[in-house]
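Using this note's numbering, you'd call the opening residue of the sequence shown number 273 and step up by one each time. Every residue, glycine too, gets a C-beta built ideally from N, C-alpha and C.
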Amino acid sequence: EKSEVVDMLENNIQQYENLRKDLIKKGEDTSLVDQLLKTLKDQRDRMPTETDEIEERQQEEDPEKVAERERRRKRQEAQKEDELDRKRTEGLKEIFIFYSRQHTQAGKAATFDDISANLNKLSMG
């Protein structure tokens, strides 16, 4: 079942690479196809292979290798959590800036200096 998915991914990757070559020949933009190719290749690389499964079964017998795999898994989870926290902070900062700028009004006869001063006062960082 997994090999079918990997085969389908490989087939899709090949089709998009051919499409990319055609677009290059026509002189058209390939950025969207490049993004799709990157996503497909990343997904393919994350798919476990049969060799990975055999190695995993062999490593289950060795406690040291089992511990190493567990440390690697925890490290990956921590990296994902850090990335999620960073994205949350960026989102909150963006929301704060948006609402803080709408909270104060520049006034009818505001100058660029007045507006700049207000924005500096409202800056979070």
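*Segment limits, alpha helix (DSSP H) that includes residue 383*: Within the sequence shown, the letter at position 111 stands for residue 383. Counting along the chain, residue 383 falls outside any alpha helix (DSSP H), and DSSP gives it neither H nor E.
*Just how far apart, CA to CA, sit residue 348 and residue 337?*
As a first step, residue 348 is located in the sequence shown; it is residue number 76 there, counting from the start. As a first step, residue 337 is located in the sequence shown; it is residue number 65 there, counting from the start. Going by the C-alpha atoms only, they are around 16 Å apart.
*Provide the residue span of the alpha helix (DSSP H) that contains residue 314, from first to last.*
What you label residue 314 is simply residue 42 of the sequence shown in a count that begins at 1. Residues 303-318.
*asked:* Quick check on residue 354: does DSSP put it in helix, strand or coil?
replied: Here residue 354 is taken as the residue at index 82 of the sequence shown, counted from 1. DSSP places residue 354 in helix when its eight states are reduced to three.
_Status (buried if at least 16 other CB within 10 Å, exposed otherwise) for residue 371_ = Sequence index remark: in the sequence shown, residue 371 carries index 99 (1-based). Exposed, since its Cβ has fewer than 16 Cβ neighbours within 10 Å.
*Assuming residue 355 contacts residue 316 under a Cβ cut-off of 8 Å, what Cβ separation, rounded to an integer in Å, is found between them?*
To locate residue 355, count along the sequence shown from 1; it is residue 83. To locate residue 316, count along the sequence shown from 1; it is residue 44. Incorrect: roughly 21 Å between the Cβ atoms, too far for contact.
*residue 294 (DSSP reduced to helix, strand or coil)*: As a position in the sequence shown, residue 294 is number 22, starting the count at 1. Looking at residue 294 - three-state DSSP - the assignment turns out to be helix.
*When the distance is taken between beta carbons, is residue 306 closer than 8 Å to residue 292?*
As a first step, residue 292 must be located in the sequence shown, where it is residue number 20. As a first step, residue 306 must be located in the sequence shown, where it is residue number 34. Yes, these two residues count as a Cβ contact at 8 Å.
*Do you know offhand how far residue 318's Cα is from residue 340's?*
Walking along the sequence shown from the start, residue 318 turns up at place 46. Walking along the sequence shown from the start, residue 340 turns up at place 68. Near 19 Å, if we compare the C-alpha coordinates of residue 340 and residue 318.
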